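Each residue of the sequence shown is one higher than the one before, starting from 10 at the first, in the working numbering.
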Amino acid sequence: MEKSEILRSIMRILRLSRKPDLEEFSLSLRICLLGIGIVGIFAFIIQLISTLIIGFGG
């Protein structure tokens, strides 16, 4: 792909894109925060289990 084609593709995407309204943005934010929270909980559980298996401080 040439640079001019890439630039045209970028311009086309920018023309077609739109700014989300407040409701859509709020929903996206809640979904992202929920996903981050779930991953954090799983990471904490894995860390807790590994600490219990290996022991505290070696």
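Where is the CB? At the ideal position from N, CA and C, for every residue including glycine. Predicted model, so just to flag it, every value in this text is computed and none were measured.
Taking the alpha-carbon positions, what's the residue i to residue j distance?
{"i": "residue 25", "j": "residue 16", "result": "14 Å"}
{"i": "residue 19", "j": "residue 65", "result": "53 Å"}
{"i": "residue 50", "j": "residue 43", "result": "11 Å"}
{"i": "residue 52", "j": "residue 41", "result": "16 Å"}
{"i": "residue 61", "j": "residue 48", "result": "20 Å"}
{"i": "residue 27", "j": "residue 55", "result": "40 Å"}
{"i": "residue 14", "j": "residue 22", "result": "12 Å"}
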